[in-house]
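As they're listed, the protein sequences go chains A and B. Be aware that the first sequence starts at 1, since it is given in this note's numbering, and climbs by one per residue. Be aware that the second sequence starts at 1001, since it is given in this note's numbering, and climbs by one per residue.
Number of protein chains: 2
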Amino acid sequence: MNSVTIPKATVARLPLYLHALEILAAEGTCTVSSEMLARRVNVNAAKVRKDLSFLGTHGVRGVGYDSSELGTRIREALGLTRDFGVVIVGIGNLGAALANYDGFGEQRFHIVGLYDADPGTIGSKVGDLVVRDVRHMPADIAENNVEIGIIATPAAVAQEVATQLEQCGVRSILNFAQTVLQVEQADVRRVDLSTELQILGYYLRHDQS
Amino acid sequence: MNSVTIPKATVARLPLYLHALEILAAEGTCTVSSEMLARRVNVNAAKVRKDLSFLGTHGVRGVGYDSSELGTRIREALGLTRDFGVVIVGIGNLGAALANYDGFGEQRFHIVGLYDADPGTIGSKVGDLVVRDVRHMPADIAENNVEIGIIATPAAVAQEVATQLEQCGVRSILNFAQTVLQVEQADVRRVDLSTELQILGYYLRHDQS
DNA sequence: TTCGGATTGTGAATTCGGTCACAATCCCCA
DNA sequence: TGGGGATTGTGACCGAATTCACAATCCGAA
């Protein structure tokens, strides 16, 4: 839609700006400066301005950005103008925690399905959804127009689930399993506790962020 | 310790190489090529070699890397030659899930304390630890030589917890709360579901990974 | 109406990370 | 003993991301 492509690094920061902005707006701030945002997101003010410039945003020199308009612009850029269906596969401790996650706020991501393969888990209720047999997943996805899949299964089956998700047409995958997924086209983001800890471990000794 | 500083991007990949290596080793592979690792980690083979060259590693031309020696080298580089004490603050759904996380395998990260502020949660047992009042945290940290703190509290109190952790001498923080923490010196890594979903959302429309 | 302080937007410079290509080296086999 | 296939290590290039610095612009006050 939007003509210019936004650099990956910028895309990754837009949600942070948006969140900072929502907090400021809730506090009644109408105008924000790049400096103000920078402090809250822990980056350089020049970087904020350059990032925002990719949105074709127009702040006002000498004044700053209108916080509500800027919020709208960022939401548009991120595509947060419509709703997204999300499924979670693997309802163990982590999957259940993610299902209960309330951090979406007024966001547009809606969890519409929870799946597991364990008969002991299937049928149990998490939040206001009932865990269904993973074998129902393909049909459900097609029916509900699901676009994002979250994998919270054991590593051993994560790849299989990913392949299946992709076959169902899911193009975006958030992977919490300790595996690097091999996919055809899908966009995968990986979140792994043990990886993060190991990275932190390195910087414990080689200290200079 | 190790003379040369390793680029951040490389550090972030080392845990992936290590994990791939452990799987290969478990399968009985003694020698691995950069190409083999590259496939499993979804990166370029040249990048693998360049990354490993920072470790001063010596593979054997025409042959590859000795998988057990390479594993040792990576572990040394990451500092995984000793144990790390970890505490988790905020034992809600997510905190409890993290406490039960078994993905550490034979890793050296040991969760030695769980803390919460809610009287209803304090005293409950998660895994084989009992959740303690967060007010005991400073004393416990000093006593047990804790180096890493995981924050899984509501966003509203995350900053306060971070400040307290830092005052207790914790220099590494893994932040699951929806906030950007302001810290003095500590190294912070942030993991947030809603941010990840928003990034995925962007690429759903602007598709070309 | 003019001046000063504040803040944006952006070209230019710089740093960082990724990719390519190839010489150097090794093992194995004939 | 020599040659061929395989694979590493790395210099050179390329592109992305960050930072710098400053002209352009705006608001408000005198």
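Just so you know, even glycine gets a beta-carbon here, dropped at the ideal spot from N, CA and C.
Test: residue i CB closer than 7 Å to a CB of chain B
{"i": "S67 of chain A", "result": "no"}
{"i": "V112 of chain A", "result": "no"}
{"i": "N100 of chain A", "result": "yes"}
{"i": "E143 of chain A", "result": "no"}
{"i": "V180 of chain A", "result": "yes"}
{"i": "R73 of chain A", "result": "no"}
{"i": "E147 of chain A", "result": "yes"}
{"i": "N93 of chain A", "result": "yes"}
{"i": "F54 of chain A", "result": "no"}
{"i": "V191 of chain A", "result": "yes"}
{"i": "F176 of chain A", "result": "no"}
{"i": "D118 of chain A", "result": "no"}
{"i": "A97 of chain A", "result": "yes"}
{"i": "D187 of chain A", "result": "yes"}
{"i": "V4 of chain A", "result": "no"}
Neighbour flag for residue i against chain A, beta carbons, 7 Å
{"i": "R1013 of chain B", "result": "no"}
{"i": "S1172 of chain B", "result": "yes"}
{"i": "L1204 of chain B", "result": "yes"}
{"i": "T1195 of chain B", "result": "yes"}
{"i": "N1044 of chain B", "result": "no"}
{"i": "A1038 of chain B", "result": "no"}
{"i": "D1083 of chain B", "result": "no"}
{"i": "I1199 of chain B", "result": "yes"}
{"i": "V1063 of chain B", "result": "no"}
{"i": "V1087 of chain B", "result": "no"}
{"i": "V1049 of chain B", "result": "Note that residue 1049 of chain B corresponds to Arg in the displayed sequence, not to Val. False, the Cβ-Cβ gap to chain A never drops below 7 Å."}
{"i": "G1079 of chain B", "result": "yes"}
Cβ neighbours of residue i in the same chain (closer than 6 Å, five flanking residues each side left out)
{"i": "P154 of chain A", "result": "none"}
{"i": "L1174 of chain B", "result": "I1150, R1189"}
{"i": "G1169 of chain B", "result": "none"}
{"i": "E113 of chain A", "result": "Sequence inspection shows Gly at residue 113 of chain A; the Glu mentioned does not correspond to that position. V87, D140, listed in sequence order."}
{"i": "N1100 of chain B", "result": "G1127"}
{"i": "F54 of chain A", "result": "I6, T10"}
Simplified DSSP assignment, three categories, for residue i
{"i": "R132 of chain A", "result": "strand"}
{"i": "S53 of chain A", "result": "helix"}
{"i": "D116 of chain A", "result": "strand"}
{"i": "H19 of chain A", "result": "helix"}
{"i": "N100 of chain A", "result": "helix"}
{"i": "L174 of chain A", "result": "strand"}
{"i": "G1062 of chain B", "result": "coil"}
{"i": "D1083 of chain B", "result": "coil"}
{"i": "R189 of chain A", "result": "strand"}
{"i": "E1184 of chain B", "result": "coil"}
{"i": "G201 of chain A", "result": "helix"}
{"i": "G1149 of chain B", "result": "strand"}
{"i": "T31 of chain A", "result": "strand"}
{"i": "V1089 of chain B", "result": "strand"}
{"i": "V4 of chain A", "result": "coil"}
{"i": "I141 of chain A", "result": "helix"}
{"i": "I74 of chain A", "result": "helix"}
{"i": "V161 of chain A", "result": "helix"}
{"i": "V126 of chain A", "result": "strand"}
Same chain only: Cβ atoms within 7 Å of residue i, ignoring 5 sequence neighbours per side
{"i": "N2 of chain A", "result": "Residue placement at N2 of chain A cannot be trusted, given a pLDDT of 49 that sits under 50; the coordinates are not used to answer."}
{"i": "T81 of chain A", "result": "R75"}
Cβ neighbour criterion (16 or more within 10 Å) applied to residue i
{"i": "I23 of chain A", "result": "exposed"}
{"i": "P15 of chain A", "result": "buried"}
{"i": "G62 of chain A", "result": "exposed"}
{"i": "H1019 of chain B", "result": "buried"}
{"i": "D1187 of chain B", "result": "buried"}
{"i": "R40 of chain A", "result": "buried"}
{"i": "E1196 of chain B", "result": "buried"}
{"i": "S1259 of chain B", "result": "Residue numbering for chain B in the displayed model covers 1001 to 1209; residue 1259 of chain B lies beyond these limits and cannot be assessed."}
{"i": "Q1182 of chain B", "result": "exposed"}
{"i": "E184 of chain A", "result": "exposed"}
{"i": "N1093 of chain B", "result": "buried"}
{"i": "D207 of chain A", "result": "exposed"}
{"i": "G1090 of chain B", "result": "buried"}
{"i": "A158 of chain A", "result": "buried"}
Sequence-distant residues of the same chain with beta carbon closer than 8 Å to residue i, five excluded per side
{"i": "D83 of chain A", "result": "R108, F109, H110"}
{"i": "V191 of chain A", "result": "L174, N175, F176"}
{"i": "D1133 of chain B", "result": "Y1115, D1116, A1117, I1122"}
{"i": "I1148 of chain B", "result": "F1084, G1085, V1086, V1087, F1109, V1170, S1172, I1173, L1174"}
{"i": "A152 of chain A", "result": "I88, V89, G90, I91, G92, L94, G95, L98, F176, A177"}
Cβ-heavy atom distance, residue i to the ligand NAP, below 6 Å
{"i": "P1119 of chain B", "result": "As for the ligand NAP, it is missing from this structure, which has no ligand bound."}
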